[in-house]
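A.B. asks: In the working numbering, the protein residues as written are 13 to 367. Idealized CB from N, CA, C, for every residue including glycine. Only a predicted model underlies this, so the values are computations on that prediction, with no experimental measurement involved. First the structure, then my questions, so here it is.
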Amino acid sequence: MIKDNSKATAAGQRLVRRAAALAGFGVLFTLVVVLAGAWTRLVDAGLGCPDWPGCYGALVVPDAERAAAFAPDEPLDSFKAWVEMIHRYLASGLGLLALVLTWIGWKLRHMPGYPLGLTFLLLAVICLQGAFGAWTVTLKLWPQVVTLHLLGGMTVLALFFWLFCRLRACARGEVQGRKPPLLWWLVLLLLTGQLALGGWTTSNYAGLACTGFPTCNQQWWPAQMDFSEGFHLTQEVGPNYLHGQLHAPARTAIHFTHRLGALLLGVSILLLVWKGLTLARARPWLGLLLLAWGLQAGIGIATVLLFLPLWLALLHTGGAAVLLLTLLGAGWQLGYGGVRVPRVTLTEVSHAQFQ
13 MIKDNSKATA AGQRLVRRAA ALAGFGVLFT LVVVLAGAWT RLVDAGLGCP
63 DWPGCYGALV VPDAERAAAF APDEPLDSFK AWVEMIHRYL ASGLGLLALV
113 LTWIGWKLRH MPGYPLGLTF LLLAVICLQG AFGAWTVTLK LWPQVVTLHL
163 LGGMTVLALF FWLFCRLRAC ARGEVQGRKP PLLWWLVLLL LTGQLALGGW
213 TTSNYAGLAC TGFPTCNQQW WPAQMDFSEG FHLTQEVGPN YLHGQLHAPA
263 RTAIHFTHRL GALLLGVSIL LLVWKGLTLA RARPWLGLLL LAWGLQAGIG
313 IATVLLFLPL WLALLHTGGA AVLLLTLLGA GWQLGYGGVR VPRVTLTEVS
363 HAQFQ
């Protein structure tokens, strides 16, 4: 019996380490998927395939003749269709990865401290992301759905990262000493709002609604702004939101609010860094957080001054993802006790579970 328990313990620890490695890979893979989604939007390929999950009724991009037979009113653009389908293939890979992690989690469900609930949450959010991906197409790039789809991608990224941290700590026999401070939660809330504003800006094609910096259209507070229309969240669906439907004052209001949000977020990050420097283990992550915000702000400014080149717009999305990861890393260290506990045993788990 002791020998069987020892084998079960070793098998369980190997599975935890593998799960941690898979979650770490998931972070990198999600970054690729997020950037692929951003590229899809930037090259106007969001409606490259008029249906979902296939493309003109096929699992791969068909030829022009078959596409015309399937959707006569939706002419095929092979480049845009392939961009859209590659994004879908990559997103499907994330789903498979989450399923593998869920399977491992179920096998280790009796291990004390194993983040099974977080694993199930990750799988559920990815499934919801698939639904939003479908609605993005069927609702013709409706800004509300596009913005939620963008936030969903960032949520998947955050969950993979947090799962990686939890699994690595579990494998090392470490426990979390306390929750991150209230200020960190406030910064996370502000960053979430800023990500939503960024998604709303891009889904309404308001990236160039303000020219120049630090002023907007040569004014510190633009006279022509329509906040009620810019943030009208119950607008009707369709027929097609490619390139947006809002008038200029509404787009200016969206863009200007995004700038104000970036300023407020920067102030809160500075305060968090100042307060958190007393904790030695958090200093590297706090430094990375401050650097990430500075680079992201610089990229945003350059994007406006250079009139939204595609590569900079793509980099701005990547910068947002990195900013989120550095904030999560700082939060983990700020709330992490670094306390070692005896390596958990799996006496409650039968040897048969690891066959």
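(1) Where L346 and W232 are concerned, what is the direct C-alpha to C-alpha distance, given to the nearest angstrom?
(2) Which residues does DSSP pair with A70 in a beta bridge?
(3) Apply the 10 Å Cβ neighbour rule to E96 and answer buried if 16 or more other Cβ atoms are within range, or exposed otherwise.
(4) Report the option in V45, L317 and T114 whose CA atom is closest to the CA atom of L220.
(5) Just tell me which of L194, L201 and Y126 has its CA closest to the CA of G185.
(6) Bridge partners for C228 per DSSP, in chain order?
(7) What separation, rounded to the nearest whole angstrom, lies between the Cα atoms of L130 and R190?
(8) Which of the three DSSP states is assigned to E186 in this structure?
(9) Does M97 come out as helix, strand or coil in the three-state DSSP assignment?
(10) Is it buried or exposed for Q25, if we count other Cβ within 10 angstroms and need 16 for buried?
(11) DSSP three-state label for P192, please.
(12) Please say whether I116 and R30 have beta carbons closer to each other than 8 Å?
(13) Report buried or exposed for A136, applying the criterion of at least 16 other Cβ atoms within 10 angstroms of its Cβ.
(14) Counting C-beta neighbours from all protein chains within 10 Å, is the total for N252 16 or more, i.e. buried, or is it exposed?
(15) For V199, collect the residues of the same chain with a Cβ closer than 7 Å to its Cβ; drop the 5 residues on either side in sequence, then sort them by chain order.
(16) So for W51, helix, strand or coil by DSSP?
(17) In angstroms, rounded to a whole number, what distance separates the CA positions of L59 and R295?
(18) Check whether the segment 202-209 and the segment 80-88 are in contact - that is, three or more C-beta pairs closer than 8 Å.
(19) Out of W196, D75, A333 and V149, state which residue places its alpha-carbon closest to the alpha-carbon of L289.
(20) Buried or exposed for Y101, going by 16 or more other Cβ atoms inside 10 Å?
(21) In whole angstroms, give me the CA-to-CA distance for L272 and L106.
(22) Using C-beta distances below 7 Å, list every residue in its chain close to A32, excluding the 5 sequence neighbours before and after it, in chain order.
(23) Tell me whether L301 sits in a helix, a strand or coil according to DSSP, three-state version.
(24) Where does F91 land, buried or exposed, given buried means 16+ other C-beta within 10 angstroms?
(25) Does the structure place the segment 153-164 close enough to the segment 32-45 that three or more beta carbon pairs sit under 8 Å?
(26) Measure from the alpha carbon of A333 to the alpha carbon of each residue in A260, L34 and V46, then state which is nearest.
(27) Using C-beta distances below 8 Å, list every residue in its chain close to L207, excluding the 5 sequence neighbours before and after it, in chain order.
(28) Given a cut-off of 8 Å on the beta-carbon distance, is the pair G242 and Y217 in contact?
(29) Inspect the beta-carbon positions of A342 and L301 and report whether they are closer than 8 Å.
(30) Considering only residues of the same chain and omitting the five flanking positions on each side of L27, which have a CB-CB separation below 8 Å?
C.D. replies: Let me lay it out:
(1) Using only the alpha carbons, I get a separation of about 37 Å.
(2) Assignment of beta-bridge partners to A70 by DSSP yields C67.
(3) Taking all protein chains shown into account, E96 has 16 or more neighbouring C-beta atoms within 10 Å of its C-beta and is therefore buried.
(4) The candidate whose alpha carbon is nearest that of L220 is L317.
(5) With distances taken between CA atoms, G185 lies nearest to Y126 out of L194, L201 and Y126.
(6) Per DSSP, the beta-bridge partners of C228 are Q231.
(7) Each residue's alpha carbon lies about 18 Å from the other.
(8) Strand at E186.
(9) Shown here, M97 sits in a helix according to DSSP, grouped into three states.
(10) If you draw a 10 Å sphere on the C-beta of Q25, you find 16 or more other C-beta atoms in it, and that means buried.
(11) Here P192 sits in coil by DSSP.
(12) In this structure, I116 lies closer than 8 Å to R30 by Cβ.
(13) Counting every other CB atom within 10 Å of its CB across the protein chains shown gives A136 a total below 16, marking it as exposed.
(14) N252 comes out exposed.
(15) Excluding sequence positions up to five before and after V199, its CB lies within less than 7 Å of the CB of S280, I281, L284 and L339, all in the same chain and listed in chain order.
(16) Judged by DSSP in its simplified three-state form, W51 adopts helix.
(17) So the alpha carbons of these two residues sit roughly 44 Å apart.
(18) Contact between the segment 202-209 and the segment 80-88 is absent, because fewer than three Cβ pairs lie under 8 Å.
(19) Ranking W196, D75, A333 and V149 by CA distance to the CA of L289 puts W196 first.
(20) When all chains shown are included, Y101 counts as exposed.
(21) L272 and L106 have their alpha carbons spaced roughly 34 Å apart.
(22) Excluding the 5 residues flanking it on each side, A32 has same chain C-beta neighbours closer than 7 Å at F176, L179, R180 and A183, in chain order.
(23) Annotated three-state conformation of L301 is helix, per DSSP.
(24) Only exposed fits F91, as fewer than 16 other CB atoms lie within 10 angstroms of its CB.
(25) These segments do not touch.
(26) In terms of Cα proximity to A333, the closest of A260, L34 and V46 is V46.
(27) These residues qualify, in order along the chain: L162, L163, M166, A332 and L336.
(28) It is not a contact, given that the beta carbons lie outside the stated cut-off.
(29) Taking 8 Å as the Cβ cut-off, A342 and L301 qualify as a contacting pair.
(30) Cβ within range, chain order: I116, K119, L120 and F366.
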